[in-house]
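Peer 1: Numbering of the sequence shown is given in UniProt numbering, commencing with residue 1 and proceeding in unit increments.
Ideal Cβ placement from N, Cα and C applies to all residues, glycine included.
The following block contains the structure, expressed as structure tokens.
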Amino acid sequence: MVDSSGTDTPLQEAGDDTIIWGQESDGRFRIGSAYKVAVEWLQENNHGDAAEGNHTKWISAWKWPGPNRLRHFLWLCLHNRLMTNSERKRRNFGDTDTCEFCKSGPEMTEHVIRICPLAAQVWQRLGLIETPLTHGLNFAGWMATNLKKEGTNLLFGVAAWLLWRRRNDWIFEKKFQESEILVHRIRAWAAVIKQAQDNNRQLLVDTTGDKTRQELAWQPPPADWIVINSDGSVKHPNSAAAAGGLLRNHLGRCVGAFVTNLGSCSITRAEIVGALTGLQLAWDQGHRKVLIHIDSTAALAILTGKDRDSRRYHNLTRRFQNLLQRNWEVHLSHSYRECNKAADYLANKAHGFSLGTHSFDISDSGLKFWILYDTMGITQDRLI
Numbered sequence: 001m002v003d004s005s006g007t008d009t010p011l012q013e014a015g016d017d018t019i020i021w022g023q024e025s026d027g028r029f030r031i032g033s034a035y036k037v038a039v040e041w042l043q044e045n046n047h048g049d050a051a052e053g054n055h056t057k058w059i060s061a062w063k064w065p066g067p068n069r070l071r072h073f074l075w076l077c078l079h080n081r082l083m084t085n086s087e088r089k090r091r092n093f094g095d096t097d098t099c100e101f102c103k104s105g106p107e108m109t110e111h112v113i114r115i116c117p118l119a120a121q122v123w124q125r126l127g128l129i130e131t132p133l134t135h136g137l138n139f140a141g142w143m144a145t146n147l148k149k150e151g152t153n154l155l156f157g158v159a160a161w162l163l164w165r166r167r168n169d170w171i172f173e174k175k176f177q178e179s180e181i182l183v184h185r186i187r188a189w190a191a192v193i194k195q196a197q198d199n200n201r202q203l204l205v206d207t208t209g210d211k212t213r214q215e216l217a218w219q220p221p222p223a224d225w226i227v228i229n230s231d232g233s234v235k236h237p238n239s240a241a242a243a244g245g246l247l248r249n250h251l252g253r254c255v256g257a258f259v260t261n262l263g264s265c266s267i268t269r270a271e272i273v274g275a276l277t278g279l280q281l282a283w284d285q286g287h288r289k290v291l292i293h294i295d296s297t298a299a300l301a302i303l304t305g306k307d308r309d310s311r312r313y314h315n316l317t318r319r320f321q322n323l324l325q326r327n328w329e330v331h332l333s334h335s336y337r338e339c340n341k342a343a344d345y346l347a348n349k350a351h352g353f354s355l356g357t358h359s360f361d362i363s364d365s366g367l368k369f370w371i372l373y374d375t376m377g378i379t380q381d382r383l384i
């Protein structure tokens with residue numbers, strides 16, 4: 001049985017249906033989640049060994065600490081997809097599969113990178129010789145082990161790439177590079193990549209250093225206005241989702257509270273549902289000057305139309321926009337979670353309710369505590 005309780009009902013006026021990628025919260029297709037689906041399918045259909053083997057190859061290539069261009073090359077190596085002479089002959093692109101360097105055997109990916117005497121020279125000069133741990137491994141296992149080895153994995157990946165480049169320079173341009181010169185080139189490339197990574201890490205440190213520590217507290221609305229604080233909550237591993245929120249006047253007095261059990265959905269959907277439910281409650285109570293404070297920047301961007309690619313929330317945003325177009329004043333703004341503790345309390349309490357939206361007793365002792373906490377102006381500091 002599919003739990004659809006966290007899914008909004010389609011609207012006729014919302015326009016044509018669109019295709020979205022259900023594995024991502026924003027509906028956009030991404031290779032990472034598609035790969036996860038493929039691995040899970042293999043495991044569920046008794047292909048666990050294949051899934052594990054492919055996963056090892058994927059991880060060793062894409063977690064290698066170098067540029068994406070080289071990661072792609074390493075992925076091709078791990079899957080024997082380089083256009084070697086053996087591969088060219090197999091595809092009827094050539095009439096020989098022999099290695100152009102040593103003439104001693106068929107040129108496969110493993111031969112170019114590992115077996116050829118010229119490749120062995122380079123590995124020896126780099127100090128990356130075979131060990132008892134790697135000697136008996138097949139090519140993919142040898143590659144994966146070296147790509148994950150701390151301290152030398154960057155050098156290993158660069159060496160594999162430049163060995164392939166040397167081969168291509170000879171095949172297509174008849175330019176040959178001696179192993180001693182190639183080793184210097186490999187070390188230089190690895191040093192440049194590492195320096196670039198160190199500079200990038202330092203830039204990130206310098207950027208975060210610009211933040212300042214600020215005291216944050218809940219802010220009441222102006223007189224004649226009410227403020228909606230809403231929040232979403234998702235608990236793993238089953239993605240149990242809920243939302244909650246409350247309405248308060250300029251004195252900090254709560255004039256309404258709600259909780260919604262959504263079944264299973266993403267945190268962004270839960271945040272949007274919380275804001276939408278709070279807005280509907282405000283209209284139903286007759287309020288016509290409303291502030292909405294949301295602590296999710298992702299949900300706020302979707303509701304204000306700044307995230308134009310969030311098609312999977314189209315029905316929710318359409319309902320939200322329909323509410324906004326009524327005869328009233330509504331303003332949305334971001335609020336840090338330090339200013340949203342009462343709504344956070346309600347979102348967590350919502351998990352204990354049955355599916356759907358429920359009015360929440362504003363005399364609840366826990367809610368009263370957080371309302372008093374906010375009304376007293378108690379602050380918390382945060383780096384901003």
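1) Thinking just about the alpha-carbon of each residue, which of R165, E180 and S179 is nearest to the one in E173?
2) In the DSSP assignment, find the unbroken alpha helix (DSSP H) run with I226 in it and report its ends.
3) Measuring CA to CA, which of I384, V37 and S363 is closest to R213?
4) Cβ of S335 versus every heavy atom of the ligand GTP: is any distance shorter than 6 Å?
5) In three-state DSSP terms, what is A217?
6) Quick check on the burial criterion: 16 or more other C-beta atoms within 10 angstroms. Buried or exposed for S4?
7) Am I right that G232 and S333 are in contact with their C-beta atoms under 8 Å? What's the rounded C-beta distance?
8) Would you kindly report the start and end of the unbroken alpha helix (DSSP H) that includes H314?
9) Taking the alpha helix (DSSP H) that D361 falls in, what are its first and last residues?
10) Looking at C-alpha atoms only, which residue of P237, L155 and G278 is the closest neighbour of S266?
11) Within the chosen definition, does the region 248-265 reach the region 319-335 through at least 3 CB pairs nearer than 8 Å?
12) Please classify C135: does DSSP put it in a helix, a strand, or coil?
13) Hey, would you say I20 sits closer than 7 Å to R318, going by beta carbons?
14) Closest to P220 by C-alpha separation, out of Q195, N92, N68 and L247, would be which residue?
15) Going by DSSP in three states, S333 sits in which element: helix, strand or coil?
16) Count the CB pairs spanning the region 132-147 and the region 92-107 that are closer than 8 Å, and state whether there are at least three.
17) Could you please give me the residues that DSSP links to D381 through a beta bridge?
18) What are the uninterrupted segments assigned as alpha helix (DSSP H) that are 4 or more residues long and contained completely in the region 78-163, given in chain order?
19) Using only CA atoms, which one of T277, A61 and Q43 lies nearest to L147?
20) Taking buried to mean at least 16 other C-beta atoms within 10 Å of its own C-beta, is I31 buried or exposed?
21) Using the C-alpha atoms, what's the distance from N80 back to M108?
22) Could you tell me which residues DSSP puts in a beta bridge with K341?
23) Pull up the DSSP beta-bridge partners for S264, would you.
24) Which residues does DSSP pair with G352 in a beta bridge?
25) Within a Cβ cutoff of 7 Å, which residues of the same chain sit near W142, ignoring the five residues on either side of it in sequence?
26) Beta-carbon separation of G245 and S230 under 7 Å?
27) Report the partner residues of A191 according to the DSSP bridge assignment.
Peer 2: Let me spell this out:
1) R165
2) Unbroken run through I226 is the beta strand (DSSP E), I226 to K235; no alpha helix (DSSP H).
3) I384
4) Only the bare structure without any ligand can be found here, which leaves the ligand GTP out of the picture.
5) coil
6) Residue placement at S4 is poorly supported in this model, since its pLDDT is 47, which falls under 50; the coordinates are not used for a value here.
7) With 8 Å as the limit, G232 and S333 do not qualify as a contact, their Cβ atoms being about 17 Å apart.
8) H314 to L324
9) Looking at the DSSP string, D361 is not in any alpha helix (DSSP H), and its letter there is neither H nor E.
10) P237
11) no
12) With the sequence shown as reference, residue 135 is identified as His, and Cys is not the correct amino acid for it. Helix at H135.
13) no
14) L247
15) strand
16) no
17) E215
18) 85-90, 117-126, 132-135 and 139-147
19) A61
20) exposed
21) 8 Å
22) DSSP output for K341 lists no bridge partner at all.
23) A240
24) Note: G352 sits in no beta bridge, so no partner.
25) R114 and T134
26) yes
27) Note: A191 sits in no beta bridge, so no partner.
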